[in-house]
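This report refers to the structure that appears directly beneath it.
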Amino acid sequence: MISALYILHIPQNQSGNGVHQLLLHRRYHENIPRDSTILGNLDKLFNQLQKEEKVPILNIRGISYVYIRCDNDIVLLAVTPKNLNVMSVIVFLRDFYNILIHYLCENHKLDKDIIIDNLTLIFELLDECLDFGLLQMTDYKLLQEYIKVEPNLPSIANDENGMDDDNEFPSGSSSDAEYSDEKRKRSQKTNRSLNKEIKSSHNQSIKIDVGEESSYVNTAILRTYSSAINWRPKGIFYAKNEIYIDILEDCEFMYDLSTGTIKHNEIYGTCVVTSYLSGMPVCRVGFNEKYMTSIEHGNIEEVSLEPKQSQIEKEEEEEIPINQLQKDQGEDEDDEDDEDDNVQGQVEDEEVQPINGISSKQKKRHRIPIRNIQFHQCIELSKIYKENIVTFIPPDDKFILMTYHVEQQKQKKKLPLIMVKPVFRIVGNRLQIMCTIDTNFSKRRHCRDLIIKIPINPNYFHLEYDMNNLKYKAEIGEVSFKIDSCQIVWRIDSTHGKQTHRMMAEVSLLETVSLEAIENYLVKRIQSLSMDEDENHETENGARELDEFYGVNRRSKISPKSASRQKFQAIYKNNHIDDNIHVTFKIPMMTYSGLKLSYLSVEEEQLKYSCFPWVRYLTKSNDPNDVSLGTQDKRFNGKHCNYRFKLGIDCFIVV
């Protein structure tokens, strides 16, 4: 039970008392001190603790402070004096933050100005989500059915367009009549285009059901709370019924180039479903995995208490619907190619009898080391135990059906998807980087947005600061030098499987480098060379750099090498240099673990419509520092993982 909830703005780069800014708060019980005391104690504790000691759960004088830090220094804080399940409170705070993102800013981050401008809407959301501090509901799709308050969002773009339109022709000019006619025709044209722009069944649903009666409240929502299926309201209708299933796999990979061994190889999978279905449909999904649960072989019979004969009769009565996935012959060939390319021992020798209606052929089922499966609440777990089929009534629109984890270390013969072999060759004052990449997936597949980031550590490579310093030649793609992180970036738009590509780059060094210095740095026998002569005199160094730049105080000109080194020192002063090669890529229509969808059916008892299923696979490794995705897109984009290659002393050659 939460006694009070606060929305604060606490910058991380500030210190001292009174750094917080209270944006909003709601008290549910009077069993805690007043707000000024609560926030004052929190500020004092924040100032005393180190950065690594600021855990999400703090206890001050018998009062628990549970908080999460969000984007733009927004902090959601829940306070209670009682011993409650803090993990449920953290989950609620995260869900409430996602609700704010849904209502206030779907495509950009939430900041304090938007929160201050929408206090009325946020208070209404708190009243529905919490009742006297007890959790009620955090489902945005149900909240939007009866909370119809329009958010107060900044309209800078519209104001600028209006100013441009007004300033285009001054008032009282001879072109006023022509301009008004042109503006009227342009508005009529845009209205006609908006009326015709219906790209999907989701847009049709909004146009038919919500467009004219958006202010009315769906009375079925109140009955949905107390029903068994509280994640899907009744009365949903679409002109075209579609379901989209995306299986996304993120690769966490670590390869040691010095020993030639795989240190870490794991997969984090996410199954995202987008359903535009009418009524109350029942969806069934089957995978090529033999056991989706930990119950195997004879343990299946222990799940049910019914006699064995009655179970057989019940299975004969319940017929599984026909598979709506129409697999082409080319897809079967791709599956065979993938099995040949990957490990041969991952397919078991025994043949599994097909389930009724799923397949007419007896195929070998995969045994994938899948674990840590987390299902959505809409899934019927009993059906998975008995039939090995995921049965569920889907929520409307987009949601995460399940997440899973696969340890590829158990499949030792399975090759890495992309193999990188770098060689650093030092010839005098020149550094030559030769890089070879091999794609170890099927020839029929192609890899998109392949980026290889090769580090050049400035702790032992003193580069010459020149824009024309980089020289390269690549068989495919483009090569550039990223100054802020000191990396050579090799970008390849698209490449196919079973291919080998080479790249060679050359940069100039200010001084020669010995192999012993590199080895000492890599094995951490000595600390890295300091880039600053005196770190304790940052103010003096800054003044000296300004004097040298503007030529004051009779500073003599410095040599080009010293100027180049000082520029690099200023760039890398506060940046962490990573010695690992990072690779990001996207491989569509393929899963690294081998998990695929083999069965799909959608049934609705009353409407009995035909559904259009769409299935997509994607294996990827994204950059954790990528800021192109919005907050809402990150939820359904899987987990950010690193695909890395650790450099060794064998990668360096001194001539």
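Be aware that the sequence shown starts at 688, since it is given in our numbering, and climbs by one per residue. C-beta atoms are modelled at their ideal positions from N, C-alpha and C, and glycine is treated no differently. These numbers were taken from a predicted model, which means no experiment stands behind them.
Counting every other CB atom within 10 Å of its CB across the protein chains shown gives residue 1325 a total of 16 or more, marking it as buried.
Within its own chain, the residues whose Cβ lies closer than 7 Å to the Cβ of residue 1290, once the five positions on either side in sequence are excluded, are 968, 969 and 1008, listed in chain order. Annotated three-state conformation of residue 1172 is coil, per DSSP.
Look at the stretch 1267-1331 and you find these whole runs of beta strand (DSSP E), each 3 residues long or longer: 1267-1275, 1284-1290 and 1299-1308. The beta-carbon separation of residue 1083 and residue 828, rounded to 6 Å, stays under the 8 Å limit for a contact.
Taking a C-beta distance under 9 Å as the contact criterion, residue 711 and residue 729 do not qualify as a contact pair. For residue 728, the uninterrupted alpha helix (DSSP H) run begins and ends at 722-735, by DSSP.
Note on residue 1174: 16 or more other CB atoms within 10 angstroms of its CB, so buried under the neighbour-count rule.
The continuous beta strand (DSSP E) containing residue 938 extends over residues 929-943.
When DSSP states are grouped into helix, strand and coil, residue 1128 belongs to the coil group. In this structure, residue 961 lies away from residue 1062, with their beta-carbon atoms at least 9 Å apart. 1146 is the residue among 1146, 721, 782 and 1269 whose C-alpha sits nearest the C-alpha of residue 1207. Comparing alpha-carbon positions, the option among 831, 801, 772 and 959 lying closest to residue 786 turns out to be 831. Taking C-beta atoms under 8 Å as the contact rule, residue 1302 and residue 932 qualify, at a distance of about 5 Å.
Excluding five sequence positions before and after residue 695, the CB atoms of its chain that fall closer than 7 Å to its own CB belong to 707, 708, 709, 710, 762 and 764, given in chain order. Per DSSP, residue 964 lies in no beta strand (DSSP E) and is assigned neither H nor E.
Excluding sequence positions up to five before and after residue 1328, its CB lies within less than 7 Å of the CB of 937, 938, 939, 955 and 1308, all in the same chain and listed in chain order. Minimum Cα-Cα distance from residue 799 among the listed residues 757, 812 and 783 corresponds to 757. Secondary structure in the stretch 726-786: the beta strand (DSSP E) runs of 3 residues or longer, each lying completely within the stretch, are 744-747, 750-756 and 761-767 in chain order.
In the three-state reduction of the DSSP assignment, residue 948 falls in the strand class, which pools E and B. With a cut-off of 8 Å on Cβ pairs, the stretch 1069-1077 is not in contact with the stretch 1153-1167, counting fewer than three such pairs.
Within the model, the alpha-carbon separation for residue 690 versus residue 769 is close to 9 Å. For residue 807, the enclosing alpha helix (DSSP H) begins and ends at 806-816. Considering only 1142, 1187 and 781, the residue with the shortest C-alpha distance to residue 1162 is 1187.
Rounded to the nearest angstrom, the Cβ distance from residue 805 to residue 839 is 5 Å, consistent with a contact under 8 Å. Measuring C-alpha to C-alpha distances from residue 1111 to each of 818, 1205, 717 and 750 identifies 1205 as the nearest. Between residue 1184 and residue 1132, the beta carbon gap of about 5 Å places them in contact (Cβ cut-off 8 Å). Straight across, the Cα-Cα distance linking residue 824 with residue 751 is about 23 Å.
Beta-carbon to beta-carbon, residue 715 and residue 819 are separated by about 5 Å, close enough to satisfy the 8 Å threshold. Here DSSP, grouped into helix, strand and coil, assigns residue 1095 to helix. Taking residue 958 as the centre and dropping the five residues before and after it, the same chain places the C-beta of 934, 1088 and 1089 closer than 6 Å to its C-beta, in chain order. Residue 1204 sits in a helix when the DSSP states are folded into three classes. The alpha carbon of residue 697 has as its nearest neighbour, out of 789, 739, 754 and 1172, the alpha carbon of 754.
Per the coordinates, the alpha-carbon of residue 951 lies some 8 Å from the alpha-carbon of residue 1095.
For residue 1084, the pairing in a beta bridge is given by DSSP as 962. When the beta-carbon positions are compared, residue 1286 and residue 1306 stay at least 9 Å from each other.
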